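**Q**
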Amino acid sequence: MSNAVIVSTARTPLGKSWKGSFNMTHGATLGGHAVQHAIERAGIEAG
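Right under this line is the structure:
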């Protein structure tokens, strides 16, 4: 069994507040964007 480790992080913008620019953006969309870029920065290959 392999161990899972955190190799990179990314965060979503602070625009989800009541009048924020990302207020109408679904949380999964923002999270997916952050995860995609964390994976790219970490250099993890798909597969």
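For the sequence shown, counting from 1, position 30 maps to 176 in the working numbering; every step adds exactly one.
Even glycine gets a Cβ: it sits at the ideal position worked out from N, Cα and C.
Since this is a predicted model, take the numbers as computed values, not measurements.
Between Arg-157 and the rest of its own chain, which residues show a CB-CB distance below 7 Å, the 5 nearest in sequence each way excluded?
**A** On the sequence shown, residue 157 is found 11 positions in, with the first residue counted as 1. Around Arg-157: Ala-180.
**Q** Express the C-alpha separation of Thr-155 and Arg-187 in angstroms, rounding to a whole number.
**A** For the purposes of this step, residue 187 is taken as the residue at position 41 of the sequence shown. For the purposes of this step, residue 155 is taken as the residue at position 9 of the sequence shown. So the alpha carbons of these two residues sit roughly 9 Å apart.
**Q** Between Ile-185, Met-170, Leu-176, which has its C-alpha nearest Pro-159's C-alpha?
**A** In the sequence shown, residue 159 corresponds to position 13, counting from 1. Comparing Cα-Cα distances from Pro-159 to each of Ile-185, Met-170, Leu-176, the minimum goes to Leu-176.
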